[in-house]
Every structure is written in C-alpha cells, then in structure tokens.
Amino acid sequence: MKETSLFKLSLLCTILGLVALYFFAEEIELPALSSLEGEPIGGTSKIQGRVSQLRQSGNTLYLEVEGLQTIKTDVIFFTAEKPYLQTGDYVDIEGQVEEYKGKTELLAQKVTLRGG
C-alpha cells in the first residue's frame, strides 16, 4: 500500500472513531438535589450530585455536594482509607440525616463513585 493511501485510511479511521465516541459517550445526568431540610433527623436519605468541595481531617472526609440546582449539602464520611474522591466527581451517597450546630448534614454510610 502506498504511504498516501495508508495516511488517508488512518485519517478516515481516526475521524470515524472520534465521531463514534462523540455519539456513544455517556453523559451523566444529575437529578435535582433535594435539600435535607425537612428530612427526619436520624432517618436514612440518599442524594446524588457532584463533589464541589472536599477536605480531609484525620479519618474524616468532609464533602460538599451539589446537584442541578444550587442547593449544596454537607456530607461527613468517616474512612480509614485514603480518599478516592476528587472535586468534580459525580457520586451517590447514602447515609443518616443529622443536625449539627443547627445545620442539617448527611453522615455518609455508603459513597458510590458514578464518574468524574
């Protein structure tokens, strides 16, 4: 095969591959994040959203999670492992609703990474 034919074939395959990736790439759709306000203290709740802020202190991971709305929820996650989350990751969080210093928070029992 001539070099020009090989070049044209590889260029065509590259373009077709990029077009296919564009159409088959999965977009993560976030449901509107409901506020924890009004949730019964001590009850279990589940939220989904994007990690907008993340900091660690000892074995405690403090997350701020936001959804499509501008509502932000504080999440506390106790872990002995190195955190695998980063700002911008999309997560599902299940945990117990608690009140601390007059603010409703979620004590995470299960954090599932959906993408980032």
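When you line the sequence shown up against this note's numbering, it's residues 405 to 520, in that order.
Even glycine gets a Cβ: it sits at the ideal position worked out from N, Cα and C.
Cβ-based burial, residue i [other Cβ within 10 Å; buried from 16]
i, result
"residue 440", "buried"
"residue 453", "buried"
"residue 481", "buried"
"residue 477", "buried"
"residue 423", "exposed"
Continuous alpha helix (DSSP H) stretch holding residue i: start and end
i, result
"residue 516", "Residue 516 -> not in any alpha helix (DSSP H); beta strand (DSSP E) instead, spanning 507–519."
"residue 426", "407–428"
Delimiting residues of the beta strand (DSSP E) encompassing residue i
i, result
"residue 465", "464–470"
"residue 477", "476–482"
Closest by C-alpha distance to residue i, when choosing among the options
i, options, result
"residue 450", "489, 409, 498", "498"
"residue 447", "509, 519, 517", "509"
"residue 501", "485, 486, 479", "479"
Residue(s) in a DSSP beta bridge with residue i
i, result
"residue 458", "467"
"residue 490", "Answer is none; residue 490 lacks a bridge partner."
Distance, residue j Cα to residue i Cα
i, j, result
"residue 512", "residue 465", "10 Å"
"residue 488", "residue 495", "11 Å"
"residue 505", "residue 445", "13 Å"
"residue 468", "residue 458", "7 Å"
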